[in-house]
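A.B. asks: Going line by line, the protein sequences match chains Y, X, B and P.
When we follow UniProt numbering, the leftmost residue of the first sequence carries the number 1, and every step to the right adds one.
When we follow UniProt numbering, the leftmost residue of the second sequence carries the number 1, and every step to the right adds one.
When we follow UniProt numbering, the leftmost residue of the third sequence carries the number 1, and every step to the right adds one.
When we follow UniProt numbering, the leftmost residue of the fourth sequence carries the number 1, and every step to the right adds one.
I have a structure I would like to understand better, so I am pasting it below and will then ask my questions one at a time.
There are 4 protein chains.
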Amino acid sequence: MYSFKNDYSEGAHPRILNALLETNLEQGEGYGEDKYTEEAVKLLKEKIGRNDIDIHLFPGGTQTNLTAISAFLRPHEAAVAVSTGHILVHETGAIEATGHKVISIEAKDGKLTPEHIKEALEAHTDEHMVKPKLVYISNSTEIGSIYKKAELIELSRFCRENKLYLYVDGARLGSALCSEENDLELSDFGSLVDAFYIGGTKNGALLGEALVICNNSLKEDFRFFIKQKGALLAKGRLLGIQFLELFRDNLYFELAKHANSMAQLLKKGISEEGYSFLIDSPSNQIFPILPDNIIEKLQEKYLFIIWQKNNYNTSVIRLVTSWATKEEKVLEFIKDLKC
Amino acid sequence: MYSFKNDYSEGAHPRILNALLETNLEQGEGYGEDKYTEEAVKLLKEKIGRNDIDIHLFPGGTQTNLTAISAFLRPHEAAVAVSTGHILVHETGAIEATGHKVISIEAKDGKLTPEHIKEALEAHTDEHMVKPKLVYISNSTEIGSIYKKAELIELSRFCRENKLYLYVDGARLGSALCSEENDLELSDFGSLVDAFYIGGTKNGALLGEALVICNNSLKEDFRFFIKQKGALLAKGRLLGIQFLELFRDNLYFELAKHANSMAQLLKKGISEEGYSFLIDSPSNQIFPILPDNIIEKLQEKYLFIIWQKNNYNTSVIRLVTSWATKEEKVLEFIKDLKC
Amino acid sequence: MYSFKNDYSEGAHPRILNALLETNLEQGEGYGEDKYTEEAVKLLKEKIGRNDIDIHLFPGGTQTNLTAISAFLRPHEAAVAVSTGHILVHETGAIEATGHKVISIEAKDGKLTPEHIKEALEAHTDEHMVKPKLVYISNSTEIGSIYKKAELIELSRFCRENKLYLYVDGARLGSALCSEENDLELSDFGSLVDAFYIGGTKNGALLGEALVICNNSLKEDFRFFIKQKGALLAKGRLLGIQFLELFRDNLYFELAKHANSMAQLLKKGISEEGYSFLIDSPSNQIFPILPDNIIEKLQEKYLFIIWQKNNYNTSVIRLVTSWATKEEKVLEFIKDLKC
Amino acid sequence: MYSFKNDYSEGAHPRILNALLETNLEQGEGYGEDKYTEEAVKLLKEKIGRNDIDIHLFPGGTQTNLTAISAFLRPHEAAVAVSTGHILVHETGAIEATGHKVISIEAKDGKLTPEHIKEALEAHTDEHMVKPKLVYISNSTEIGSIYKKAELIELSRFCRENKLYLYVDGARLGSALCSEENDLELSDFGSLVDAFYIGGTKNGALLGEALVICNNSLKEDFRFFIKQKGALLAKGRLLGIQFLELFRDNLYFELAKHANSMAQLLKKGISEEGYSFLIDSPSNQIFPILPDNIIEKLQEKYLFIIWQKNNYNTSVIRLVTSWATKEEKVLEFIKDLKC
């Protein structure tokens, strides 16, 4: 069985493990105050092009989201997210568990626009309702779509006008930034959003996400929140060493490019067989619509998720590629599809 | 500078990294449903000698504590801990952040007795007060002491009679179990307590703690809590592989023994110089009382924590050893102390 | 200005104040352990027809909802409610503030059916999502509709089959039970639901709601939760005396009948003028659709809420009647509508 | 049986009920936006001598404390209180239930000093611990003592220097301000503390506490918190009318004076019999130390709390007086004590 189930089915890129090995027997400070974490933070600041930002490394994405959002919001304030957003669906109510409502917005392509947020603002008028305060978006989104620069600028402008924080879940930021349709750079996030995170787990690391706080008012005492939520690793250098390796010569982007190209190769092959897609995703997740009998046959050799029923005899499946996806397996999948 | 500051200043034992390397490019299930985690859980059950227990692997200790305790308690129920307990001092109010009070008990040696808990029960009489429900102990404790079997049996009996859960923070369980004064075995925890965790981070792992739930009534839906608190690692096998390596031929205990013997060597040497100790710790943390001018001199070559002022010109320091502590450095420290 | 804005615009029914006056200078136990509260609880049990239920008196509805729901649910469990449900819209995220997600279901008439809940259950499949556990309904609903006996029986059966708690927000239970279309009795709630509350504030009391817990497993330690949420009034007899007065000779139902008949009189009058309604409400809230210019004219003499825009020149307004609504004012309103 | 058990064993002062009666059938706005609440707020501002403060009326004390403290603090911040403080003992962990630790300080007389707080600050040094941010004091305290002006000035200065909020639980503020030893006025609180509340329930009201927010930075969006915690009464005028009556001609102070004079009469009588006291309380709670056999005899005619064992045959009891305590009963108690 070969897995297209998700982008965390394998270990780390070999260079990551190698970096851990090389530094393994050195002594260092705990809790992310070691020299590797400091260097990784310095390097990330350079890549983002701002020195006046705070960067904190986390073990995982849900923890990053819940720690950041609960730190940023006062008790009556709510997040706004698209109904397919990770915090609304797949984090077991982690945000609500910290006391905050997440307002759900329907959107076909998994992306929020100022119009969506305006609608949420207009529906929340007084103290009998929560107060929308933070806009949560994912890039790439949970259904593979990406934000274009013009869209992010618009969102950013709207949020600032309305005193809303703009927060980007970048679990798959690498894939978004390396998409052929992308026109955003890391530095754009530094200037357009209040906080975002750069996902490592789904792009070559063993584990690790780098939270970037751009808005000064959100920085104070942030390490207290990390510790309180249990996210301050004793051997924090484990995260620093990985991000240093991922970014020192742009390995991060190479890996994302590979994942994307494998997904696009799949898309091309499936498309040529005459099948359509739930959404025209330009990143490392694609959502072909296939006949159920073909899906069943593919399941004998491949692991993947059946996303949803499409009609009586077809379904949408999700295929995810990663830094480790092998081209030969992609080609084999396409060949198997044809038979 | 050589560090006796804590037991997480180094990386992982080389065999751990090797095990990660060997399995790195295999595909596997995410979220701890991979075969290595399954094997590790099976192996731990054997070591504990019970098959009817649930085991969940966590990235870190604070997260284990907050997830378990908040899952076990209803909103009005409180934990009881000794005033030096980790959850009372060094977890930034993580338990309170989940809504639960931690009742603090003074105890000189860092250990709770039935009398202590009785006192807490008698002080909480009705619905105007929280209801003590979970007894939190650490083994070894935050000041290096360990529980003897007779003590744990007594605590266990008292807790069962009073319908209290007994929970053991085992961040340093390896060191406790390998202490020369210890008479407890892993299987004793399986039969005497409701839940406990086996600490990996402080005993050779990169990161990882294994929570063991013995009480049936505490098992239901537990993976929901892990996910909700952000502790369900996507590449969960990272934890499984490590615990498998630590326990398949008792590496875990070898490492703890080494740490203990290094600490006891330090203790012997310091003792022979005529210095006394805050507490007669039999584990990998020792607390000598030294003259301030000697402490200052030692600080030129060694990292360690000044635990507390003792009197006008002496202080208590904490020296911690680990699986990686070098005997030559211990001997050098003792030599430096003499000069 | 005469107000049809809501059913808490006036004080209490005079008999309530009189009962408070008569008992005012007696000494009694605090915190709801006085004889009047005991008598009120006994009386309510008789009215409901079960002695094996627990009844707790609360100052207000939001507090009743948040205390009960957070007491009933474990951290990963969620409530399911219709999108117009009070806890989803008008309680400032009070349920989420206790850590629980409320799953929103769209339903035209403000009522949940087993099909709706089934849909929620099917969408929540594993530990990456919250677990639906409590079904929240209001009777009468926030838009004036009521549940029929057959509907409640169906819901109850479905909830029991699926191990879900069925909880009824009865802020306007009096109005529901006294509606001409109603075929439910208080005793039906005692046998069909797990918990419900009987609203006093909106039906003649100064303040006060009576929470009835029918399910044994939800009763334990409940007074702890009341105190923890700040809902245990020191002079708890204030609530007991009122419920005793409301129920000792069915004043409660008389008042609700009056409110309903005033609303239905309004409905008839408005209907006869040829106007239609958002929903055919049989209780004390009606939602006529009127031309905007007429609404503006009515606003010169009457207070009411503009519920929503209907089309370019008509809107839905909400008219609410109460125990205190004067028939002459209703007739005057209808007359004014005609002009 | 006559009760000296507490100061909420009776109803309201008759003038309060009368004021409710007189306004009962008027229509008014809900949720504390009625004219009586507005007038009460205006009047209280005059009494406090500041117009730039915010005043919110609450049903009860625990609710006031939990709403205010959870609104004022960020997730990692803690309150500091004396170990006998109401929030530490008798609110069922209400503050912790909102996520915040309460740091406990031992103090013989129930009062905090800058030295106490300094100690708490020095013990909380970094992000592994909670951050002390709010100082909670009660006046009068839970054991009847009161703060003198010089003490409050000192506390205020210390808190401002250390960026701590100073919060006063004034459940018995009337009794404190009317004590013969008192030298504070309402206006002093307006200038020295960040927020405080004026207790109505224990001084003549049916229910009600007036929270005063003096610090501008704590005012924003406060009504959201009141609603979210379930403390926004639908018929909010119930609170406004009472505070208006209590303060329009200083009834509040008259009632407190009466309560104090009854307690001091008790104290004098008990003292003359040769008995001593746990603390020399100048307010409406006194704590005589009596032989157990005499206590038993008194219990045949009087209700009161046995506060604590004193030695093998004496105990401390608590006697509380109120606006409604009858002088003849006080004299009778003293006479019964003599026999």
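Using N, Cα and C, we set each Cβ at its ideal position, and we do this for glycine too.
Just so we're clear, the structure is a prediction, and the values are computed from it rather than from any experiment.
I need the straight-line Cα distance from GLU300 (chain X) to MET1 (chain X), nearest angstrom please.
C.D. replies: Going from the Cα of GLU300 (chain X) to the Cα of MET1 (chain X) covers about 7 Å.
A.B. asks: Since GLY199 (chain P) is in the beta strand (DSSP E), which residue starts that stretch and which ends it?
C.D. replies: Its beta strand (DSSP E) spans residues 195-199.
A.B. asks: Determine the DSSP secondary structure at SER140 (chain Y), reduced to helix, strand or coil.
C.D. replies: Here SER140 (chain Y) sits in coil by DSSP.
A.B. asks: Considering only the alpha carbon of each residue, which of P:ASN311, P:THR62 and P:VAL320 lies closest to TYR302 (chain P)?
C.D. replies: The shortest Cα separation from TYR302 (chain P) among P:ASN311, P:THR62 and P:VAL320 belongs to P:VAL320.
A.B. asks: Below 9 Å between beta carbons is the criterion; list the residues of the stretch 118-142 of chain Y that meet it against any residue of chain P, in chain order.
C.D. replies: Cβ contacts with chain P come from ASP126, GLU127, HIS128, MET129, VAL130 and LYS131.
A.B. asks: Thinking C-alpha only, which one of P:GLY30, P:HIS116 and P:GLU272 is nearest PRO132 (chain P)?
C.D. replies: Selected option, being the one with the closest Cα: P:HIS116.
A.B. asks: With H, G and I counted as helix, E and B as strand and the rest as coil, what does DSSP make of LYS301 (chain B)?
C.D. replies: Three-state result, LYS301 (chain B): coil.
A.B. asks: According to the neighbour-count rule (16 or more other Cβ atoms, all chains shown, within 10 Å of its Cβ), is GLY61 (chain X) buried or exposed?
C.D. replies: Buried, by the Cβ-count rule.
A.B. asks: Spell out a yes or no on whether the stretch 103-119 of chain B and the stretch 71-82 of chain B are touching, meaning 3 or more CB-CB pairs, one atom from each, closer than 8 Å.
C.D. replies: They touch, by the three-pair rule.
A.B. asks: For the alpha helix (DSSP H) holding HIS116 (chain Y), just list the boundary residues, first then last.
C.D. replies: Looking at the DSSP string, the run of the alpha helix (DSSP H) that includes HIS116 (chain Y) is 114-123.
A.B. asks: Any C-beta of chain B sitting closer than 8 Å to the C-beta of PRO14 (chain P)?
C.D. replies: By this cut-off, PRO14 (chain P) is an interface position.
A.B. asks: Quickly, what does DSSP pair GLU77 (chain P) with across the bridge? List them, please.
C.D. replies: Its beta-bridge partners are P:LYS131.
A.B. asks: For a contact defined as C-beta to C-beta under 8 Å, what are the partners of ASP54 (chain B) on chain X?
C.D. replies: In chain order: nothing, as chain X lies at least about 13 Å away.
A.B. asks: Is it buried or exposed, TYR312 (chain B), if we count other Cβ atoms within 10 angstroms and call 16 or more buried?
C.D. replies: It counts as exposed.
A.B. asks: Is the CB-CB distance between SER145 (chain X) and ILE48 (chain X) below 8 Å?
C.D. replies: Cβ atoms of SER145 (chain X) and ILE48 (chain X): not closer than 8 Å.
A.B. asks: Under DSSP, the beta strand (DSSP E) around LEU290 (chain Y) begins and ends at which residues?
C.D. replies: Its beta strand (DSSP E) spans residues 289-291.
A.B. asks: Keeping to the same chain, check which residues put their C-beta closer than 6 Å to that of LEU152 (chain X); ignore five residues upstream and five downstream.
C.D. replies: So the qualifying residues of the chain are LEU192.
A.B. asks: By Cβ distance below 8 Å, which residues in the same chain neighbour GLU77 (chain Y) in space, the five residues on each side in sequence not counted?
C.D. replies: Result list for GLU77 (chain Y): HIS100, VAL130, LYS131, PRO132, LYS133 and LEU134, in chain order.
A.B. asks: Just curious, the beta strand (DSSP E) that ALA150 (chain X) is in, first and last residue?
C.D. replies: Not the beta strand (DSSP E): ALA150 (chain X) falls in the alpha helix (DSSP H), residues 149-161.
A.B. asks: Looking at chain Y, is there any beta carbon in it that lies within less than 8 Å of the beta carbon of HIS100 (chain P)?
C.D. replies: False, the Cβ-Cβ gap to chain Y never drops below 8 Å.
A.B. asks: Determine the extent of the alpha helix (DSSP H) in which TYR252 (chain P) is found, giving its start and end residues.
C.D. replies: Run containing TYR252 (chain P): 251-272, per the alpha helix (DSSP H) assignment.
A.B. asks: Step through the CB atoms of chain X and report whether any lies within less than 8 Å of the CB of PRO59 (chain B).
C.D. replies: Chain X contact via Cβ: absent.
A.B. asks: Since I believe ILE317 (chain X) is in contact with ILE305 (chain X) (beta carbons under 8 Å), could you give me their beta-carbon distance rounded to a whole number of angstroms?
C.D. replies: Their Cβ separation, rounded to whole angstroms, is 7 Å, which keeps ILE305 (chain X) and ILE317 (chain X) in contact under 8 Å.
A.B. asks: Using DSSP with H/G/I as helix, E/B as strand and the rest coil, what is ALA68 (chain X)?
C.D. replies: Looking at ALA68 (chain X) - three-state DSSP - the assignment turns out to be helix.
A.B. asks: Taking the alpha carbon of ALA120 (chain B) as the point to measure from, which residue in B:ALA210, B:GLU91, B:CYS159 and B:SER175 has its own alpha carbon closest?
C.D. replies: The option with the nearest alpha carbon to ALA120 (chain B) is B:CYS159.
A.B. asks: When the Cα atoms are used, what is the spatial distance from residue 347 (chain X) to VAL41 (chain Y)?
C.D. replies: Residue coverage of chain X in this structure runs from 1 to 339, which leaves residue 347 (chain X) outside it and unanswerable.
A.B. asks: Between B:ALA256, B:ASN284, B:GLU254 and B:LEU255, which has its C-alpha nearest LYS268 (chain B)'s C-alpha?
C.D. replies: Among B:ALA256, B:ASN284, B:GLU254 and B:LEU255, the Cα nearest to that of LYS268 (chain B) is on B:ASN284.
A.B. asks: Of all the options P:LEU265, P:PHE4 and P:ALA256, which has the alpha carbon lying nearest to the alpha carbon of SER140 (chain P)?
C.D. replies: Per the Cα distances, P:ALA256.
A.B. asks: By the DSSP assignment, the alpha helix (DSSP H) with HIS86 (chain B) in it spans what residues?
C.D. replies: Here the alpha helix (DSSP H) through HIS86 (chain B) covers 86-89.
A.B. asks: Roughly how many whole angstroms lie between the Cα atoms of THR98 (chain P) and ALA231 (chain X)?
C.D. replies: For THR98 (chain P) and ALA231 (chain X), the distance between alpha carbons rounds to 22 Å.
A.B. asks: Could you check if GLY274 (chain Y) is buried or exposed, using at least 16 other CB atoms within 10 Å of its CB as the buried criterion?
C.D. replies: Exposed.
A.B. asks: Just list the residues that DSSP pairs ILE95 (chain B) with in beta bridges.
C.D. replies: Bridge partners of ILE95 (chain B): none, in fact.
A.B. asks: Is DSSP giving TYR165 (chain Y) helix, strand or coil here?
C.D. replies: Strand.
A.B. asks: If we call anything under 8 Å between Cβ atoms a contact, is ASP169 (chain Y) one with HIS258 (chain Y)?
C.D. replies: Not closer than 8 Å, so no.
A.B. asks: If we count Cβ pairs, one from each stretch, closer than 8 Å, do we get three or more for the stretch 12-26 of chain B versus the stretch 12-19 of chain P?
C.D. replies: Judged by Cβ distances under 8 Å, the stretch 12-26 of chain B makes contact with the stretch 12-19 of chain P, as three or more pairs qualify.
A.B. asks: Would you report the Cα separation of ILE241 (chain P) and ALA205 (chain P), rounded to the nearest angstrom?
C.D. replies: So the two alpha carbons sit approximately 10 Å from each other.
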